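K.L.:
The following block contains the structure, expressed as structure tokens.
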Amino acid sequence: MRVYNTISAQKEDLIPIKDKHINMYVCGVTVYDYCHVGHARSAIVFDVIRRYLSYRGYDVKFIRNFTDIDDKIINRANELGIGWDELSKKYTSEFYHDMDLLGVGRGDIEPKATEHISEMIEIIAQLIESGYAYSVDGDVFYEIEKFKDYGKLSKKDISKLEAGSRVNVDKRKRNPFDFSLWKSSKPSEPSWESPWGQGRPGWHTECSAMSKKYLGETFDIHGGGADLIFPHHENEIAQSEALSGKTLANYWIHNGFITIDKEKMSKSLGNFFTIRDILRLYDPEVLRLFLISTHYRSPIEFSEDQLRDVEISVDRYYSTMLRVEEFLTLKGHAKKEPDLSSLQKIVSSAINRFTEVMDDDFNTAQGVGIIFELIREINRFLDTKQKGSSADVLIKQAMSLIRQFSDILGIFTKTPDTWQISLMKTKVIPLKESDIAELIENRNTARAGKDYAASDKIRADLDKMGIILEDRMGKTTWKVKLNYKV
RNA sequence: GGCGGCGUACCCAAGCGGCUAAGGGAGAGGUCUGCAAAACCUUUAUGCGCCGGUUCGAAUCCGGCCGCCGCCUCCA
Numbered sequence: 000m001r002v003y004n005t006i007s008a009q010k011e012d013l014i015p016i017k018d019k020h021i022n023m024y025v026c027g028v029t030v031y032d033y034c035h036v037g038h039a040r041s042a043i044v045f046d047v048i049r050r051y052l053s054y055r056g057y058d059v060k061f062i063r064n065f066t067d068i069d070d071k072i073i074n075r076a077n078e079l080g081i082g083w084d085e086l087s088k089k090y091t092s093e094f095y096h097d098m099d100l101l102g103v104g105r106g107d108i109e110p111k112a113t114e115h116i117s118e119m120i121e122i123i124a125q126l127i128e129s130g131y132a133y134s135v136d137g138d139v140f141y142e143i144e145k146f147k148d149y150g151k152l153s154k155k156d157i158s159k160l161e162a163g164s165r166v167n168v169d170k171r172k173r174n175p176f177d178f179s180l181w182k183s184s185k186p187s188e189p190s191w192e193s194p195w196g197q198g199r200p201g202w203h204t205e206c207s208a209m210s211k212k213y214l215g216e217t218f219d220i221h222g223g224g225a226d227l228i229f230p231h232h233e234n235e236i237a238q239s240e241a242l243s244g245k246t247l248a249n250y251w252i253h254n255g256f257i258t259i260d261k262e263k264m265s266k267s268l269g270n271f272f273t274i275r276d277i278l279r280l281y282d283p284e285v286l287r288l289f290l291i292s293t294h295y296r297s298p299i300e301f302s303e304d305q306l307r308d309v310e311i312s313v314d315r316y317y318s319t320m321l322r323v324e325e326f327l328t329l330k331g332h333a334k335k336e337p338d339l340s341s342l343q344k345i346v347s348s349a350i351n352r353f354t355e356v357m358d359d360d361f362n363t364a365q366g367v368g369i370i371f372e373l374i375r376e377i378n379r380f381l382d383t384k385q386k387g388s389s390a391d392v393l394i395k396q397a398m399s400l401i402r403q404f405s406d407i408l409g410i411f412t413k414t415p416d417t418w419q420i421s422l423m424k425t426k427v428i429p430l431k432e433s434d435i436a437e438l439i440e441n442r443n444t445a446r447a448g449k450d451y452a453a454s455d456k457i458r459a460d461l462d463k464m465g466i467i468l469e470d471r472m473g474k475t476t477w478k479v480k481l482n483y484k485v
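Here the first sequence is numbered in numbering that gives the first Met the number 0, starting from 0 and rising by one per residue.
Take a look at the structure:
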């Protein structure tokens, strides 16, 4: 397997520290508000990476943290007039709510900053002791110039950074880029006791403390959004490696941004959609497929047109599943031996191709492409109406491949029925399933009597309410019209 | 100013030196159908921002130019 490593800026062979074991630490979220689509992307990207590594036989230990104390949390809680811990608890559970819908699995361990204060204090004390940090009036700063490799991850030359170009520099710092390890607190703020007085830890320290505690001084993969490269991950390296003298993580993996009108989606710009904004309009699988249809390091321009296209793709998948179910329940045999060669060919190469593209830096976009090639071949074969036991076997084989790939990507978890039910909700279809069944019944009676005017009227009426009918193999099925608008 | 990335058909998107430039959407024509829908077939880049160069061979490597974006602040 090859993965792109931010620190070497190239793809490298993935060689675990311990044979067939992968320890990975991914930076989670600061729980002070609902997650937006950018958070969803990061979570999904690392969820897929984790699933794929498991699929490839690695025993993966996956850590994802929660930052549950920081300035944003305190400020937000003050605005709302509630406790900071109440706020962080609320948004932790909102995070789970969204991630569960998106099919993002839990971490094996999900450490919280506030549960590791003593570990952080320990690290800070050691940094002071070994000369990498200094305290000033209850605050502690890391002195970046003491760490000679500072900047190696983000490729920054300290002397060329534009200090204070966008933010006022704290005069007490020896270098403008020295960062806070410990912040003294005002009387009204949440605080913990420390050798430097009451205060709270700086953001970067939690990941150094928690990754060390759960994965040791050196682990395999460290991940997060590309915006964490600097300063967050750079600072983690500075803290951890200064003390251990060892490499913190062998591979640094960072996902690209979501953009809107070419600009990064972010809280500060205000150009974001929350996950639940989108899930009101689209099934979670649509969002998930949309996000993995582009390589994880490329930017994704967020657009509703694109979501609509992806929704059609998902619908195409479930339509094919339905056709397959119908085909497999059919009795009888074709007169001649079915021609399986075309489907056979793609089925026999699919696993190798899928593995090959995913082995190459987790190319989910190509993986998705392979699934849709299989779908086309299945449909093509189904169109030949060649029934037979050899055909059934091959179709089932193709289906099980699609199942395997979809499970790795975490998509297509529904049945054709539950997909339609989900669509009825998101499209707000003003009908019940029983209503539809009754109208289909009426229409079939009309059709039997060749009263096509009456049957077409029923079909047109249903269409207006967002339901499309399909007459296939002597049966009428219905589906939700995707471009239906209330 | 420093560092990094991107520009592939009407839209999205893969491709990272050598098979007909994946896949999805959209448009057009066709097959099937009572008519539809779905599905399938054909079709839409002799072409990969522009100009040079390296090479037997480049969307892929190198140089220049144009355009867009990111990081250098909290940020997934």
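In this text, a Cβ means the ideal position worked out from N, Cα and C, and glycines have one as well.
For clarity, every value in this text was computed on a predicted model and none was experimentally measured.
For TYR213, which three-state DSSP category applies?
P.N.:
Taking the first residue of the first sequence as 1, we reach residue 213 at position 214. Helix, per DSSP.
K.L.:
List the whole-angstrom C-beta distance separating PRO415 from TYR483, where the pair is believed to meet the contact cut-off of C-beta under 8 Å.
P.N.:
As a working mapping, residue 415 is identified with position 416 in the first sequence. As a working mapping, residue 483 is identified with position 484 in the first sequence. That pair is no contact at about 18 Å.
K.L.:
When you compare only the Cα positions, how much space is there between VAL323 and LEU381?
P.N.:
Residue 323 sits at position 324 when you count from the first residue of the first sequence. Residue 381 sits at position 382 when you count from the first residue of the first sequence. Answer to the nearest angstrom: the Cα atoms are 8 Å apart.
K.L.:
According to DSSP, simplified to helix, strand and coil, what is VAL139?
P.N.:
As a working note, residue 139 is residue 140 in the first sequence. The three-state secondary structure of VAL139, taken from DSSP, is strand.
K.L.:
Does DSSP put THR425 in a helix, in a strand, or in coil?
P.N.:
Reading the first sequence from its first residue, position 426 is the one you call residue 425. Helix, per DSSP.
K.L.:
Within the continuous alpha helix (DSSP H) that includes LEU35, where are the two ends?
P.N.:
Start at 1 with the first residue of the first sequence, and residue 35 comes out as number 36. Reading off the sequence shown, one finds His at residue 35, where the question assumed Leu. Counting along the chain, HIS35 falls outside any alpha helix (DSSP H), and DSSP gives it neither H nor E.
K.L.:
Hey, quick one: how far does the beta strand (DSSP E) through TYR3 stretch, first residue to last?
P.N.:
Walking along the first sequence from the start, residue 3 turns up at place 4. Segment 1-4, the beta strand (DSSP E) holding TYR3.
K.L.:
Am I right that GLY198 and SER190 are in contact with their C-beta atoms under 8 Å? What's the rounded C-beta distance?
P.N.:
The sequence position of residue 198 within the first sequence is 199, counting from 1. The sequence position of residue 190 within the first sequence is 191, counting from 1. About 6 Å separates the two Cβ atoms, so the contact holds.
K.L.:
For GLU114 versus TYR33, is the C-beta distance shorter than 7 Å?
P.N.:
The residue you call residue 114 lines up with position 115 of the first sequence. The residue you call residue 33 lines up with position 34 of the first sequence. No, they are not a contact pair.
K.L.:
Buried or exposed: which applies to HIS35, given that a residue is buried once 16 or more other Cβ atoms fall within 10 Å of its Cβ?
P.N.:
By one-based count along the first sequence, residue 35 stands at place 36. Buried, by the Cβ-count rule.
K.L.:
Is the region 421-431 touching the region 68-85 in the sense that three or more CB pairs, one from each, lie closer than 8 Å?
P.N.:
no
K.L.:
If we ignore side chains and look at the alpha-carbon of each, how far apart do ASP470 and THR476 end up?
P.N.:
What you label residue 470 is simply residue 471 of the first sequence in a count that begins at 1. What you label residue 476 is simply residue 477 of the first sequence in a count that begins at 1. Their Cα atoms are separated by approximately 7 Å.
K.L.:
Return helix, strand or coil for TYR250, following the three-state DSSP convention.
P.N.:
In the first sequence, counting from the first residue as 1, residue 250 sits at position 251. Strand, per DSSP.
K.L.:
What are the uninterrupted segments assigned as beta strand (DSSP E) that are 3 or more residues long and contained completely in the region 386-467, given in chain order?
P.N.:
The qualifying runs do not exist here; there are none.
K.L.:
Starting from MET98 and walking both ways along the alpha helix (DSSP H), at which residues does that stretch end?
P.N.:
Here residue 98 refers to the residue found at position 99 of the first sequence. First-last of the alpha helix (DSSP H) with MET98: 83-101.
K.L.:
List the endpoints of the continuous beta strand (DSSP E) containing THR293.
P.N.:
As a first step, residue 293 must be located in the first sequence, where it is residue number 294. Looking at the DSSP string, THR293 is not in any beta strand (DSSP E), and its letter there is neither H nor E.
K.L.:
Could you tell me the distance, in whole angstroms, from the CA atom of ASN174 to the CA atom of LEU242?
P.N.:
In the first sequence, counting from the first residue as 1, residue 174 sits at position 175. In the first sequence, counting from the first residue as 1, residue 242 sits at position 243. Their backbone Cα atoms lie some 20 Å apart in a straight line.
K.L.:
Could you tell me the alpha carbon to alpha carbon distance between GLU235 and HIS203, rounded to whole angstroms?
P.N.:
Taking the first sequence and counting its residues from 1, one reaches residue 235 at position 236. Taking the first sequence and counting its residues from 1, one reaches residue 203 at position 204. Between GLU235 and HIS203, the C-alpha separation is close to 6 Å.
K.L.:
Just tell me which of LEU422, TRP195, PRO230, ILE467 has its CA closest to the CA of GLU121.
P.N.:
What you label residue 121 is simply residue 122 of the first sequence in a count that begins at 1. Considering only alpha carbons, the answer is TRP195.
K.L.:
Cα-Cα, which of ILE252, ALA237, HIS253, ASN254 is closest to THR246?
P.N.:
Your numbering for residue 246 matches position 247 in the first sequence. Taking only the C-alpha atoms, the option nearest THR246 is ALA237.
K.L.:
Rounded to whole angstroms, how far is the Cβ of LEU339 from the Cβ of ALA390, which I believe are closer than 8 Å?
P.N.:
Locating residue 339 in the first sequence gives position 340, counting from the first residue. Locating residue 390 in the first sequence gives position 391, counting from the first residue. About 7 Å separates the two Cβ atoms, so the contact holds.
K.L.:
Sort ARG63, SER158, GLU118, ASN249 by Cα distance to GLU192 and report the nearest one.
P.N.:
Your numbering for residue 192 matches position 193 in the first sequence. For the residues ARG63, SER158, GLU118, ASN249, the minimum Cα distance to GLU192 belongs to GLU118.
K.L.:
Span of the alpha helix (DSSP H) holding MET357?
P.N.:
Taking the first residue of the first sequence as 1, we reach residue 357 at position 358. That run of the alpha helix (DSSP H) goes 340-358.
K.L.:
Quick check: the region 399-407 against the region 367-380, are at least 3 beta-carbon pairs closer than 8 Å?
P.N.:
yes
K.L.:
Decide yes or no for the touch test of the region 214-232 against the region 12-24: beta carbon pairs closer than 8 Å, at least 3 of them.
P.N.:
yes
K.L.:
Assuming contact is defined by CB atoms lying nearer than 7 Å, are GLU310 and VAL285 in contact in what I supplied?
P.N.:
One-based indexing of the first sequence puts residue 310 at position 311. One-based indexing of the first sequence puts residue 285 at position 286. Contact: yes.
K.L.:
Checking 7 Å against the spacing of the C-beta atoms, do ASP97 and ILE274 come in under that value?
P.N.:
Sequence index remark: in the first sequence, residue 97 carries index 98 (1-based). Sequence index remark: in the first sequence, residue 274 carries index 275 (1-based). Yes. Within cutoff.
K.L.:
Could you give the C-beta distance for TYR3 and ASP360, rounded to a whole number, given that I count them as a contact under 8 Å?
P.N.:
Start at 1 with the first residue of the first sequence, and residue 3 comes out as number 4. Start at 1 with the first residue of the first sequence, and residue 360 comes out as number 361. Contact holds; Cβ gap of about 5 Å.
K.L.:
Quick check on this structure: which residue in ILE466, HIS38, GLU437, ASN443 has the alpha carbon closest to the alpha carbon of ASP226?
P.N.:
If you number the first sequence from 1, residue 226 lands on position 227. Comparing alpha carbon positions, the residue from ILE466, HIS38, GLU437, ASN443 closest to ASP226 is HIS38.
K.L.:
Alpha carbon to alpha carbon, what distance is there between SER179 and ASP169?
P.N.:
Working through the first sequence from its first residue, we reach residue 169 at position 170. Working through the first sequence from its first residue, we reach residue 179 at position 180. Taken atom to atom, the span from the alpha-carbon of ASP169 to that of SER179 is near 10 Å.
K.L.:
Helix, strand or coil for ARG63 per DSSP?
P.N.:
Residue 63 sits at position 64 when you count from the first residue of the first sequence. Strand, per DSSP.
K.L.:
Within a Cβ cutoff of 7 Å, which residues of the same chain sit near ASP46, ignoring the five residues on either side of it in sequence?
P.N.:
Residue numbering aside, residue 46 sits at position 47 when the first sequence is read from its first letter. Cβ neighbours of ASP46 beyond the five flanking positions: VAL103, GLY104, GLY409.
K.L.:
Let me know if HIS231 comes out buried or exposed under the rule of 16 or more other beta-carbons within 10 Å of its beta-carbon.
P.N.:
Reading the first sequence from its first residue, position 232 is the one you call residue 231. Counting Cβ neighbours within 10 Å, HIS231 comes out buried, since at least 16 surround it.
K.L.:
Fully enclosed by the region 216-284, which beta strand (DSSP E) runs are 3 residues long or longer?
P.N.:
The region 216-284 contains these whole beta strand (DSSP E) runs: 218-224, 248-254, 257-259.
K.L.:
Give a yes or no on whether the C-beta atoms belonging to GLN63 and GLY106 are separated by under 7 Å.
P.N.:
Taking the first sequence and counting its residues from 1, one reaches residue 63 at position 64. Taking the first sequence and counting its residues from 1, one reaches residue 106 at position 107. Looking at the sequence shown, residue 63 is not Gln but Arg. Contact flag set, yes.
K.L.:
Run through DSSP, which three-state label would TRP195 get?
P.N.:
Here the question's residue 195 lines up with position 196 in the first sequence. Annotated three-state conformation of TRP195 is coil, per DSSP.
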